[in-house]
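Chains as they are written, first to last, in my numbering: chain A, -7 to 246; chain B, 3 to 573. C-beta: ideal position from N, C-alpha, C; glycine also. Written below as structure tokens is the structure these notes are about.
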């Protein structure tokens, strides 16, 4: 089973310099976090999705669609019930303002997740660390960051095997109330953690054995540099973000 | 040939892990390896082989700490003082676990990682990548993500990623343990090609005795010491030493030694030499005695009970649209012992995961004791069929052996007394009585494997599936595990094992199913299937030496013991 997020395609987004993509990711976060207005957040989300379509990254969005839907619904329910200060009361504690705030927060988080997903689907781990290095992050730090991302699919595939092994022994995850279910996860969590620890240990040994940390000066097989498209995308991203900051500060929308 | 320079020089090396109190992993070990040698290191579990390998590039003592004494010089560099990353230019280390040593997005970047660390410029790295991909026979896989490669390809890539730093020594720590026969073969092919370079030194830790024949030198270790050291043709004749160490002796010399007390220095090693000696000594396989073997097979077959597993026209297509199983028919009776053979990706594991309902058929049906796996949950089916996964560490979670084994009866709602009784029986079956309060994580791999079997036995399933039950164990542990499974079979359990180890299938299975590309290529009595050596070789399944020898003599025996039983002097 393929657990890796990177999609090996040759699209305009894939060809962008990783630094461009890091900055665009950052811009998308700034824009999403600035607003609480569901309409403008929808517009931002739409732009991010278009960016994702250009990078042919939607296949990965399909894989996490349940998570996206859950986050949206959870945010909607929680904020509808707990939002204070809404004036248009609908039913009990639920106000129209609460619902709108819930919708906005749901879109906000989903937009950020989608943006992160597009980034990971279109950027190799080596590009991420190289991009960070070129942005003056120390190599060890950059490598640690990209390695952390690499661990996720490893953990997922290990836990998949472990779930199969334990359900073969009769572990039934589908029945029982929430407390008995949590207890049932112990036979899954412990072997997963121990396997990951064991794997990372071999991983570290393999790294050292391949000369990791030989010297501060390291060469790079990948060659990244800013091209015309990078400047186009960067300008668009930065202008859009400045525009957003402007309408937010002036107070046209919240 | 003059005296060659030394590639590896170890003097009085001792090492004690932090977890060890009295014993030492390496105990005053001395070893000199000349440039250009191909050395195979063998030894039972716990002999200190991996410790030795990790000492060669400085992982010990610089990464794994402990009490270190002695002196190791590799490629004229003092290992301890030089540090691991600097040693990488001199010596490459390849590990058994190929999953954990690959971390890049594609094969090219994986290979580039080493040279990048040494600051080699881009054009040169491009050249290295091309060379290395050719050496490890992965030329068309440069852009592939390592996760999409087969086990054998991954291990080859791991070797390539180490070769990229252009060391002149390479050490591989059990590189073939987790590989299928084809994967193994290709690793040895690479090793032999590398060996053609006179200045390239090769150290391989290996437990496949048949493969050690091709080395220049065999070093046998036990308890942190070297106890045998010499040319393969001398060392491999010491079959008694091998057996007493818990290593697998070659079958041909073992046969002559056991049957005729042939002097050690006269023992043949290969099948060809074995046949020559067999004929010289006027020996033959006696027809009557051979018929007794066949009669025993038939008698065993007549003793089987009702059908317990019925697979009809089973097809399975993965979500991506790949058809893994293309119509499998299989029937198993109570008391049978089936071995499933086949290369990685042939569909073996997918097939057996249908037997207990982990996977549902895309087409066709699987009936377990008459229950259709489509209509019954894993929980229901699990009462009839138990599944021991390959890696015990994927299922062990409890603090004590007792808790681990009690898990299954507990969630099945057994009463306290019943649970105690079942745990007791299960631990008796795997010879772990007295280990109830032990922490499973502190046990050896072989013992953990047995805990995993006990944990499945305690559910008292009629049928037991074991996925590669002998992988990662040394020969003595493999024997112990298989004897245990044989006993369970004799007690009435129906057994299904997946295995890559051909002698295990030959000596223990009643029936064999060889799978290739989602189809059953051969299915039948082990003796009948192993007779068709050529057919099996097409799937890279190489029959054990003793089977090959008997096939040349137009009969098929499955073990050294059987060969001894049927051999007679002419006249």
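Alpha carbon to alpha carbon, how far is residue i from residue j?
i: residue 156 (chain A); j: residue 354 (chain B); result: 12 Å
i: residue 57 (chain B); j: residue 89 (chain B); result: 11 Å
i: residue 422 (chain B); j: residue 413 (chain B); result: 14 Å
i: residue 233 (chain A); j: residue 20 (chain A); result: 8 Å
i: residue 176 (chain A); j: residue 164 (chain A); result: 8 Å
i: residue 156 (chain B); j: residue 40 (chain A); result: 36 Å
i: residue 142 (chain B); j: residue 6 (chain A); result: 22 Å
i: residue 91 (chain B); j: residue 138 (chain A); result: 25 Å
i: residue 49 (chain A); j: residue 2 (chain A); result: 11 Å
i: residue 387 (chain B); j: residue 469 (chain B); result: 13 Å
i: residue 214 (chain A); j: residue 145 (chain B); result: 13 Å
i: residue 566 (chain B); j: residue 453 (chain B); result: 35 Å
i: residue -7 (chain A); j: residue 321 (chain B); result: No answer about residue -7 (chain A) holds up, because its pLDDT of 45 lies below 50 and its placement is not dependable.
i: residue 55 (chain A); j: residue 433 (chain B); result: 46 Å
i: residue 162 (chain A); j: residue 312 (chain B); result: 22 Å
i: residue 339 (chain B); j: residue 41 (chain B); result: 38 Å
i: residue 208 (chain A); j: residue 521 (chain B); result: 53 Å
i: residue 78 (chain B); j: residue 87 (chain B); result: 16 Å
i: residue 324 (chain B); j: residue 349 (chain B); result: 11 Å
i: residue 237 (chain A); j: residue 228 (chain A); result: 14 Å
i: residue 329 (chain B); j: residue 448 (chain B); result: 36 Å
i: residue 287 (chain B); j: residue 478 (chain B); result: 29 Å
i: residue 381 (chain B); j: residue 402 (chain B); result: 24 Å
i: residue 74 (chain B); j: residue 95 (chain B); result: 16 Å
Quick one: measure Cβ to Cβ for residue i and residue j, integer angstroms, because I've assumed they're closer than 8 Å.
i: residue 307 (chain B); j: residue 337 (chain B); result: 6 Å
i: residue 239 (chain B); j: residue 267 (chain B); result: 7 Å
i: residue 142 (chain A); j: residue 117 (chain A); result: 6 Å
i: residue 460 (chain B); j: residue 411 (chain B); result: 5 Å
i: residue 409 (chain B); j: residue 183 (chain A); result: Contact flag wrong, Cβ pair sits at about 12 Å.
i: residue 359 (chain B); j: residue 342 (chain B); result: At roughly 18 Å, the Cβ-Cβ gap does not stay under 8 Å, so residue 359 (chain B) and residue 342 (chain B) are not in contact.
i: residue 130 (chain B); j: residue 148 (chain B); result: Their Cβ separation, rounded to whole angstroms, is 18 Å, which puts residue 130 (chain B) and residue 148 (chain B) out of contact at 8 Å.
i: residue 72 (chain A); j: residue 91 (chain A); result: 5 Å
i: residue 9 (chain B); j: residue 36 (chain B); result: 6 Å
i: residue 27 (chain B); j: residue 18 (chain B); result: 6 Å
How would you label residue i, buried or exposed, when you count the other beta carbons within 10 angstroms and need 16 or more for buried?
i: residue 201 (chain B); result: exposed
i: residue 424 (chain B); result: buried
i: residue 171 (chain A); result: exposed
i: residue 480 (chain B); result: buried
i: residue 496 (chain B); result: buried
i: residue 225 (chain A); result: buried
i: residue 450 (chain B); result: buried
i: residue 364 (chain B); result: exposed
i: residue 110 (chain A); result: buried
i: residue 463 (chain B); result: buried
Grab the span of the alpha helix (DSSP H) containing residue i for me, first residue to last.
i: residue 175 (chain A); result: 170 to 176
i: residue 563 (chain B); result: 562 to 568
i: residue 249 (chain B); result: Neither: residue 249 (chain B) is in no alpha helix (DSSP H) and is coded neither H nor E.
i: residue 117 (chain A); result: 117 to 126
i: residue 504 (chain B); result: 504 to 510
i: residue 225 (chain B); result: Residue 225 (chain B) -> no alpha helix (DSSP H), and no H or E assigned at all.
i: residue 113 (chain A); result: 88 to 114
i: residue 547 (chain B); result: 547 to 554
i: residue 19 (chain B); result: From DSSP, residue 19 (chain B) is part of no alpha helix (DSSP H) but of the beta strand (DSSP E) over 8 to 19.
Can you give me the start and stop residues for the beta strand (DSSP E) that residue i sits inside?
i: residue 286 (chain B); result: 285 to 287
i: residue 32 (chain B); result: 28 to 36
i: residue 173 (chain B); result: 171 to 175
i: residue 185 (chain B); result: Note, residue 185 (chain B): premise wrong, no beta strand (DSSP E); alpha helix (DSSP H) at 183 to 197.
i: residue 366 (chain B); result: 365 to 370
i: residue 158 (chain A); result: Counting along the chain, residue 158 (chain A) falls outside any beta strand (DSSP E), though it belongs to the alpha helix (DSSP H) covering 131 to 160.
i: residue 280 (chain B); result: Element bounds for residue 280 (chain B): not the beta strand (DSSP E) but the alpha helix (DSSP H), 273 to 282.
i: residue 258 (chain B); result: That residue, residue 258 (chain B), is in no beta strand (DSSP E); its alpha helix (DSSP H) goes 253 to 262.
i: residue 42 (chain B); result: 40 to 44
Below 8 Å on C-beta distance, what does residue i contact in chain C?
i: residue 186 (chain A); result: Absent from the structure: chain C. Protein chains present are A and B.
Any chance the region 219 to 236 of chain B sits against the region 45 to 62 of chain B, with 3 or more Cβ pairs inside 8 Å? yes
Counting beta carbon pairs with one atom in the region 166 to 181 of chain B and one in the region 482 to 493 of chain B, are three or more of them shorter than 8 Å? no
Validate contact between the region 542 to 562 of chain B and the region 503 to 521 of chain B using beta carbons, cut 8 Å, 3 pairs: yes
Segment contact flag, the region 57 to 70 of chain A with the region 121 to 132 of chain A, C-beta cutoff 8 Å, min 3 pairs: The answer is no - the region 121 to 132 of chain A does not touch the region 57 to 70 of chain A, with fewer than three Cβ pairs under 8 Å.
Taking 8 Å as the threshold, find out whether the region 30 to 46 of chain B comes into contact with the region 200 to 215 of chain B through three or more Cβ pairs. With a cut-off of 8 Å, the region 200 to 215 of chain B and the region 30 to 46 of chain B count as touching, because enough Cβ pairs lie within range.
Would you check if there are 3 or more beta carbon pairs closer than 8 Å linking the region 183 to 192 of chain B to the region 122 to 140 of chain B? yes
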